[in-house]
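J.:
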Amino acid sequence: MTQKYPTYHFGKDFRDKLDRFVKQFIDDGLNEFSKEFANIDDFIAGALVDNRDAGEKKLRTTPKEKYLLETVAFKIYDELNRKAFNKTEKTLIVLPDCLSLHNPDCEKEDKPYGDICMSCTKSCRAYHVVELAKKYDAEVTFSKRKLSEQIEHYAKKMGDFGVIGIACIMMLTEGMRTAHDLNIPTRGVLLSFTGCDHWNEKEFASGFQLSWLKSILEEKHGR
Ligand code: SF4
Numbered sequence: 093m094t095q096k097y098p099t100y101h102f103g104k105d106f107r108d109k110l111d112r113f114v115k116q117f118i119d120d121g122l123n124e125f126s127k128e129f130a131n132i133d134d135f136i137a138g139a140l141v142d143n144r145d146a147g148e149k150k151l152r153t154t155p156k157e158k159y160l161l162e163t164v165a166f167k168i169y170d171e172l173n174r175k176a177f178n179k180t181e182k183t184l185i186v187l188p189d190c191l192s193l194h195n196p197d198c199e200k201e202d203k204p205y206g207d208i209c210m211s212c213t214k215s216c217r218a219y220h221v222v223e224l225a226k227k228y229d230a231e232v233t234f235s236k237r238k239l240s241e242q243i244e245h246y247a248k249k250m251g252d253f254g255v256i257g258i259a260c261i262m263m264l265t266e267g268m269r270t271a272h273d274l275n276i277p278t279r280g281v282l283l284s285f286t287g288c289d290h291w292n293e294k295e296f297a298s299g300f301q302l303s304w305l306k307s308i309l310e311e312k313h314g315r
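In this note's numbering, the protein residues as written are 93 to 315.
#1: Where do the N-terminal and C-terminal ends of the beta strand (DSSP E) with THR278 fall, by residue?
#2: How would the residue list near ligand 1 read, in chain order, if you kept each one whose beta-carbon is closer than 6 Å to any heavy atom?
#3: What are the residues that DSSP puts in a beta bridge with ALA259?
#4: In angstroms, rounded to a whole number, what distance separates the CA positions of LYS226 and LEU184?
#5: Since ARG217 contacts PHE296 with CB under 8 Å, what's their CB separation in whole angstroms?
#6: Who are the near neighbours of PHE129 in its chain, counting only those whose CB is closer than 8 Å to its CB and skipping five residues on each side?
#7: Identify which residue in LYS249, GLU181 and CYS260 has its Cα closest to the Cα of ASP229.
#8: With DSSP run on the structure shown, which of helix, strand or coil describes GLY103?
#9: For VAL222, which option in LEU191, ARG237, GLY251 and TRP291 has the closest C-alpha, if you only look at C-alpha atoms?
#10: When DSSP labels each residue in this structure, what does GLU201 get in the three-state scheme?
#11: In angstroms with no decimal places, state the Cα-to-Cα distance between ASP142 and TRP291.
#12: Measuring straight from C-alpha to C-alpha, what distance separates MET268 and GLN95?
#13: Use the C-beta contact count for TYR246: other C-beta atoms within 10 angstroms, 16 or more gives buried, fewer gives exposed.
#14: Which same chain residues, not among the five before or five after ALA165, have their C-beta less than 6 Å away from its C-beta?
#15: Check LEU305 in the structure and name its three-state DSSP category.
#16: Using C-beta distances below 6 Å, list every residue in its chain close to PHE253, excluding the 5 sequence neighbours before and after it, in chain order.
#17: Pairing CB atoms from the segment 165-174 with CB atoms from the segment 276-293, are three or more of them under 8 Å?
#18: Please state whether the Cβ-Cβ distance between CYS260 and LEU239 is less than 7 Å.
#19: By alpha-carbon positions, which one of SER211, ASP202, LEU224 and LEU110 ends up nearest to SER235?
#20: Counting along the chain, where does the alpha helix (DSSP H) carrying LYS167 start and finish?
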C-alpha cells in the first residue's frame, strides 16, 4: 500500500532544492533591497569592535541575511493575518517608544500595560497616530517590554480586537509571532529607520509612513 503523507513529503532531492532556493532568495533579496540595506555592512563592522555589552552586540551585529528573512517573515505574517484582522471589531495600535525621542518633555502617561500619548505636540509622530485613531475609534498605546502580558491585558479589556504594531524589522516580526501565539490577528507598519540607542550613539525620533498605517485602517473599515 502506498503511504499517504498528511502534509509535506521530502524526497531525496529536497535538500539540494532547498539549498538552491535559499541561495537564490538571498541573492535576489539583497539585490532588490540593496538601496535600503546599504548601511548594514558598515554598521556591523563598527558594532563588532565597539564596547557595548554582549546583548547589545548580538543585536547590533545581526547579519544582513536576517534583516531580509525577518522583513519577508513580517510580510508573510501580515498577509496571513489580513482577513482575520479585518473581521475584528476593535483595533489596538502599538507604538514604539522611539517615536517621541525628539522631545525630552514628552508628556506621555506611564501606565502598567503601556504608556499613553497625551498629544502634547503636533511635531510628534505619535500625535498624528492618535488623531488618525480617533477617526476609527482605535486605542493607541506604547509597547511594553513583556508584549504577551500587554496583549493579554488588552484582550481582556477590548474583547474582539486586532493589533497594528509599528516597530523596527526585528521587533515587529517577533511581536507578530507573539501575537500569533495568543491568537490575536496582527498587522504591521515597519519603521522607515531606527532612532533609538540600540542603533545610535545619540538617539533621535524614529519615523514611519503614516499613509501605511492609514491604508490598513481604511481597508478594515472601508472608509
Ligand atoms: S505627542 Fe505624545 S508621544 Fe509625542 S511627545 Fe507628546 S505625549 Fe509624547
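For each residue, glycine too, the CB sits at the ideal point set by N, CA and C.
T.: So, from the data block:
#1: Taking the sequence shown and counting its residues from 1, the one referred to as residue 278 is at position 186. For THR278, the enclosing beta strand (DSSP E) starts and ends at 278-282.
#2: Any residue whose Cβ sits closer than 6 Å to a heavy atom of ligand 1 makes the list: SER192, ASN195, CYS198, GLU199, LYS200, CYS209, MET210, SER211, CYS212, THR213, CYS216, ALA218 and TYR219.
#3: Against the sequence shown, residue 259 aligns to sequence position 167. LEU282.
#4: As a first step, residue 226 must be located in the sequence shown, where it is residue number 134. As a first step, residue 184 must be located in the sequence shown, where it is residue number 92. When rounded, the separation of the alpha-carbon atoms in LYS226 and LEU184 is 12 Å.
#5: Start at 1 with the first residue of the sequence shown, and residue 217 comes out as number 125. Start at 1 with the first residue of the sequence shown, and residue 296 comes out as number 204. About 12 Å separates the CB atoms of ARG217 and PHE296; that is not less than 8 Å, and the two are not in contact.
#6: Translated into positions along the sequence shown, residue 129 becomes position 37. These residues qualify, in order along the chain: LEU122, LYS156, TYR159 and LEU160.
#7: Taking the first residue of the sequence shown as 1, we reach residue 229 at position 137. The shortest C-alpha separation from ASP229 is found at GLU181.
#8: In the sequence shown, residue 103 corresponds to position 11, counting from 1. When DSSP states are grouped into helix, strand and coil, GLY103 belongs to the coil group.
#9: Taking the first residue of the sequence shown as 1, we reach residue 222 at position 130. Closest by alpha carbon: LEU191.
#10: As a first step, residue 201 must be located in the sequence shown, where it is residue number 109. In this structure, GLU201 counts as strand in the three-state DSSP scheme.
#11: Working through the sequence shown from its first residue, we reach residue 142 at position 50. Working through the sequence shown from its first residue, we reach residue 291 at position 199. Roughly 12 Å between the two C-alpha positions.
#12: Mapped onto the sequence shown, residue 268 falls at position 176. Mapped onto the sequence shown, residue 95 falls at position 3. Put simply, the backbone Cα of MET268 is about 36 Å away from that of GLN95.
#13: On the sequence shown, residue 246 is found 154 positions in, with the first residue counted as 1. With 16 or more other Cβ atoms within 10 Å, it is buried.
#14: Residue numbering aside, residue 165 sits at position 73 when the sequence shown is read from its first letter. Around ALA165: THR265.
#15: The residue labelled residue 305 in the question sits at position 213 within the sequence shown. In the structure shown, LEU305 sits in a helix (DSSP, three-state: H, G or I).
#16: In the sequence shown, counting from the first residue as 1, residue 253 sits at position 161. Excluding residues within five positions, the ones whose Cβ falls inside 6 Å are THR180, LYS182 and LEU184.
#17: Three or more pairs of CB atoms, one per stretch, sit closer than 8 Å, so the segment 165-174 contacts the segment 276-293.
#18: As a position in the sequence shown, residue 260 is number 168, starting the count at 1. As a position in the sequence shown, residue 239 is number 147, starting the count at 1. In this structure, LEU239 does not lie closer than 7 Å to CYS260 by Cβ.
#19: In the sequence shown, residue 235 corresponds to position 143, counting from 1. Closest option to SER235, judged by alpha-carbon separation, among SER211, ASP202, LEU224 and LEU110: ASP202.
#20: Along the sequence shown, read from residue 1 onward, the residue named residue 167 stands at position 75. Element bounds for LYS167: 156-179.
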